[in-house]
Amino acid sequence: MAVHVLWVIKGLGPGGAERLLVALAGAHDPEVATFECAFVVPWKDHLVADLEARGVRCHCLSARRRDPRWPLRLARLVRSRRFDVVHVHSPLPGSVARLAARTVPKARRPVLFSTEHNAWRTFRRPTRWLNRLTNRADRFTFAVSAEVAGSLRGPVVERSAVLIHGVDLPAVRVAAGGRAAMRAELGVRDHEFLFVTVANYRAQKDYPTLLAACARLRADGVPFRLAAVGQGPLEDAMRTRHAELGLADSVQLLGYRADAVDVLAAADAFVMASKWEGLPVALMEACALGLPCVLTEVGGMPDALGPDGARWVPPADSAALAAAMAEVAGDSGLRERLAARAVTAAAQFDVRRAAREIERHYVPPVPAWAPPVGLEGIEVRRAQPHEEDEAVALCQQVLGHADDAAWPALFHWKHRENPFGDSPMWVAVHDGRIVAVRVFMRWAFRRGGREVRAVRAVDTATDPAYQGKGLFTALTLQGLRELEDEGVEMVFNTPNTQSRPGYLKMGWQVVGQMRPAMNVRSPLALPRVVRSRVPASLFPDDLNLGVPIGEWLDGGGLTRHPLPTGDGLLTAWTPDTLRWRFGSAVQPCRVVDDGRAAVVVERRRRGQVTELVCLLALGSAAATDRLLRRTVREAGADVALRLGRPRPHAGFLPVPGAGPTLTCRMLCPDPVPPLADWDLQLGTVVLF
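Residue numbering for the sequence shown follows my numbering, starting at 167 and increasing by one per position.
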C-alpha cells in the first residue's frame, strides 16, 4: 500500500497551482503515493473531473459561497486517520489543516508538507502571519521558484528548497498537431501574427497594461492578433475596457477554455504582463511548445529562462510591452533565437522529475553510515558463517547470559532453525576482532492476500570498550540498507524504554502500546501480581498439560481451529512456522484444546509471580477466555496474560501501564500501519 496523501487547496479552478496538481496526479507513481484533494471554493471546480480521471478523489468543503463550516469539514477529513501525508498548496486552508493535524494522536498524525506557489509578500497580512505561525509544523516546504523561496521567513527556510514542478511535456507537445485547426477556429489567417496569453482576470496578471499595449500596437499599424484565455473577478471590467479601447478586431477575450493548451499551440508567441509571479504553468507550456516569449521581469520567470530566454520588459509599462511585442512580431531571427531558448528551458519543466523528488521526501531513504572520527579502522559488514561462534559469545557475554548454558541453543533456534529464513547478521570488526553484533530475525506477515516480508530487530551487543561510539546505529543502518535492497518491506520490534530513543532517531515510529489483559487466579495473588515489575525469566518452565504443538497439528488441530484471517496485519503462520515457534525444547510451549477453542501457552516466572502466557489463541474471545481461566488453575500459575481488549465480565482485567510498545520502520514506500491494523498475539511480539 502506498503513502496516502491529502492535497489541500483553496479551489480547483483553471489557475496555475491547480493545473500543477493535475499534472502531478498523472506523474506520481501509484505504488509510491496515492492522493485525495480537498478544496474550499465550490464554484472553482473546473479541474475536478481531470483529477478524478487520474484517480484523485476530490472533496468540496463548502456547500455554498461563504460557508463557515468548511474548516470543520477539513478538520474532520484530516482527523479521519486515513492519510499518511497532508500536503497543503494554499496558505489559509493549509493553516487550518495544520492545526487539525495537531489534534491527531502522534502515532497516526499525518506528516505535513507544503508547496508555496507565490511570494509571501503577495498574501494579505493576516493570511501571511497565520501561514508563518503554522508552517513550522511542516516537515518540508517546496517553493516553485527562487523568488518564492527568497520570500520565506522563519524556521521554514531551513526546511525548504526550490522545486520547479513542471508540466507533462509530451502531452503538451501533442497539442502542436492541432495548430492549424485552432487558428481556423479563432479566425486567424495564415499571415496574421498571433500572440496568446493564458492568465486569469486578477490584479496580479495586469490586463490593463496588456490591453493598453495592444491599443498602442494597433495605433502604430502593427499587424497582430491576441487571444486571451482566462476568467476571474475582473473579467467584466476588462471586457468593458476592451470595448472602450476598440480592440474587438485585434483582441479576443476567450474566457475559460478547458483546451487552453490547444489555444497556446496556435500562437506565434506567448505574452504575459504580470505584476508578480511564482513560475506560471502557462509559461512552462509555452516553452514546451517552443514559443518565443514576451514577459515582464518578475517572480521566478527570469531565473527559469535566463536573461536571453525571453524579451523582458518591466512590469506596468505598456509602452515597453508594446515595443517588445512589435519587435518579436517583426523580427523572425529574434523569434528563432527565443524559440530555441524556450525549448532548452523546457527541459527543466518535466513534471515527472518533480514527482520523483516529492516522493523522495514523502518516503525518505535510510541514511548512509559514515565511520565516526577515531573509528575509521572499524569495518562494518555482514557476518561470515565462520564468525558466528565469536558473535554469539559476544552477545552472550554482553547481554548477561554468560552462565546460561542453553543460550547458544536459543540463539541457534531463533536464527538458524527459523522457517521464515536464516537471520542476517552484521558485525563491526576492529583489529581482526568482532566488537559489535546486530542480528535481524526473519519474519513474514500477511495482509489480505499479500505476504509482507519483514524482519525483527532482536539481538544486538557491543563490546563495553566500544560502547557510545555509534556502532549500534552503524550496524543497524547498514543492515537496513542491505535488507531494503533484498526486498524486505519492514523492520519491527518492541524495544524497552532505554533503547527506544535510539531506534526512533533511526527512523522507527512508535505504532503504539499493545495492551495485555490478565486473569488473576485468586484475589490473594493480586497484590503480588501488581507489585511484580521485574523482567520475566528468559526460559519458560516445563508445563505438563495439553499436548505439544506437533502432536496437535498432526491431529488436525488447524482443521478444528483455523488460523485467524482478516484485513489486518497477521503473522503468516504455516504448520512449519508454528512447529518452529511453539515446538522448541528451548522454549517449551503446550497447546490446550477443549474442542471449542485452542490456546498455545507457556509458563514463566516473574519475581514471585508465576505467569501463564497465552501466545496464540484460536477461537472466539469468549471461548478462549473461558479456556484460559481453566488452564491458569491447572497450570498452577498466579495469573494468565493475553493481548487484546479487557473483558471484565469474563474475568480479564486491564494491566495498568503494562504491555510491549510496538515500533516499526518501513523499508518500502508503504506507511507504517496504525496499531489498529496490527492483528498480533503475544507469540509474535514477546521477546524470545
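Glycine included, C-beta positions come from ideal geometry on N, C-alpha and C.
Return helix, strand or coil for residue i, following the three-state DSSP convention.
{"i": "Val427", "result": "helix"}
{"i": "Gly721", "result": "coil"}
{"i": "Ile600", "result": "strand"}
{"i": "Met832", "result": "strand"}
{"i": "Cys453", "result": "helix"}
{"i": "Ser317", "result": "helix"}
{"i": "Val779", "result": "strand"}
{"i": "Ala572", "result": "coil"}
{"i": "Gly678", "result": "strand"}
{"i": "Gly421", "result": "strand"}
{"i": "Met607", "result": "strand"}
{"i": "Arg345", "result": "helix"}
{"i": "Pro837", "result": "coil"}
{"i": "Pro259", "result": "helix"}
For the alpha helix (DSSP H) containing residue i, list its first residue and its last residue.
{"i": "Ala365", "result": "Careful: Ala365 lies outside any alpha helix (DSSP H) and carries neither H nor E."}
{"i": "Met591", "result": "Careful: Met591 lies outside any alpha helix (DSSP H), inside the beta strand (DSSP E) at Met591 to His596."}
{"i": "Leu487", "result": "Ser484 to Gly496"}
{"i": "Asp469", "result": "Met467 to Leu471"}
{"i": "Gln562", "result": "Glu554 to Val564"}
{"i": "Leu335", "result": "Leu335 to Val340"}
{"i": "Ala193", "result": "Gly182 to Ala193"}
{"i": "Val328", "result": "Where Val328 is concerned, there is no enclosing alpha helix (DSSP H), although the beta strand (DSSP E) it sits in stretches over Ser326 to Val328."}
{"i": "Thr743", "result": "Pro741 to Phe748"}
{"i": "Arg382", "result": "Tyr373 to Ala385"}
{"i": "Glu648", "result": "Leu637 to Glu652"}
Can you tell me the Cβ-Cβ gap for residue i and residue j, rounded? I've got them flagged as a contact below 8 Å.
{"i": "Ala801", "j": "Leu670", "result": "Not really, about 38 Å apart at Cβ, beyond 8 Å."}
{"i": "Arg501", "j": "Val494", "result": "6 Å"}
{"i": "Thr797", "j": "Leu711", "result": "7 Å"}
{"i": "Met404", "j": "Gly332", "result": "Rounded, the Cβ-Cβ distance is 29 Å, inconsistent with contact."}
{"i": "Arg305", "j": "Leu278", "result": "6 Å"}
{"i": "Gly465", "j": "Gly444", "result": "6 Å"}
{"i": "Glu655", "j": "Leu794", "result": "With a Cβ gap of about 33 Å, Glu655 and Leu794 do not count as contacting."}
{"i": "Ser317", "j": "Trp295", "result": "No, Ser317 and Trp295 are not in contact; Cβ-Cβ is about 14 Å, not under 8 Å."}
{"i": "Ala431", "j": "Ala342", "result": "5 Å"}
{"i": "Ala263", "j": "Val252", "result": "5 Å"}
Ends of the beta strand (DSSP E) at residue i?
{"i": "Thr628", "result": "Arg616 to Thr628"}
{"i": "Arg795", "result": "Element bounds for Arg795: not the beta strand (DSSP E) but the alpha helix (DSSP H), Ala787 to Glu800."}
{"i": "Arg291", "result": "Element bounds for Arg291: not the beta strand (DSSP E) but the alpha helix (DSSP H), Arg291 to Thr300."}
{"i": "Ser280", "result": "Val277 to Glu282"}
{"i": "Thr307", "result": "Phe306 to Ala309"}
{"i": "Thr737", "result": "Leu735 to Thr737"}
{"i": "Arg548", "result": "Glu545 to Arg548"}
{"i": "Asp759", "result": "Arg756 to Asp759"}
Relative to the C-alpha of residue i, which candidate in the options has its C-alpha closest?
{"i": "Asp836", "options": "Glu525, Ala640, Asn301 and Leu736", "result": "Glu525"}
{"i": "Gly475", "options": "Ala486, Leu461 and His357", "result": "Leu461"}
{"i": "Ser311", "options": "Trp674, Thr300 and Ile330", "result": "Ile330"}
{"i": "Ala337", "options": "Pro754, Ala610, Asp402 and Ala454", "result": "Ala454"}
{"i": "His596", "options": "Cys459, Ala426, Arg423 and Arg547", "result": "Arg547"}
{"i": "Leu809", "options": "Gly716, Arg349 and Arg681", "result": "Arg681"}
{"i": "Thr660", "options": "Leu846, Leu420 and Val427", "result": "Leu846"}
{"i": "Val206", "options": "Ala309, Val605 and His225", "result": "His225"}
{"i": "Asp742", "options": "Leu848, Cys834 and Asn584", "result": "Asn584"}
{"i": "Val605", "options": "Ser317, Glu655, Thr639 and Gly634", "result": "Thr639"}
{"i": "Glu777", "options": "Asp195, Ala572, Ala691 and Ala788", "result": "Ala691"}
{"i": "Pro730", "options": "Val676, Ser698, Arg772 and Ser786", "result": "Ser786"}
{"i": "Arg772", "options": "Ala702, Arg274 and Leu649", "result": "Ala702"}
{"i": "Asp707", "options": "Trp674, Val695, Ser750 and Gly732", "result": "Ser750"}
{"i": "Trp592", "options": "Tyr632, Ala568 and Leu649", "result": "Leu649"}
{"i": "Phe658", "options": "Met684, Pro667 and Ala620", "result": "Ala620"}
{"i": "Arg382", "options": "Leu238, Asp483 and Leu172", "result": "Asp483"}
{"i": "Cys380", "options": "Ala369, Gly398, Gln397 and Ala409", "result": "Ala409"}
{"i": "Leu637", "options": "Arg248, Val198 and Ala594", "result": "Ala594"}
{"i": "Leu413", "options": "Ala559, Ala394, Ala506 and Ala431", "result": "Ala394"}
May I ask you to list the residues that DSSP assigns as paired with residue i?
{"i": "Ala204", "result": "Val174 and His225"}
{"i": "Asn685", "result": "Ala806"}
{"i": "His253", "result": "Trp173 and Phe279"}
{"i": "Ala842", "result": "Bridge partners of Ala842: none, in fact."}
{"i": "Cys459", "result": "Phe436"}
{"i": "Asn659", "result": "Thr829"}
{"i": "Ala393", "result": "Val362 and Gln418"}
{"i": "Val695", "result": "The partner list for Val695 (beta bridge, DSSP) is empty, contrary to what the question assumes."}
{"i": "Phe515", "result": "Bridge partners of Phe515: none, in fact."}
{"i": "Asp707", "result": "Arg769"}
So is residue i in contact with chain C if we call contact Cβ pairs under 9 Å?
{"i": "Leu217", "result": "The structure shown contains no chain C, having only a single protein chain."}
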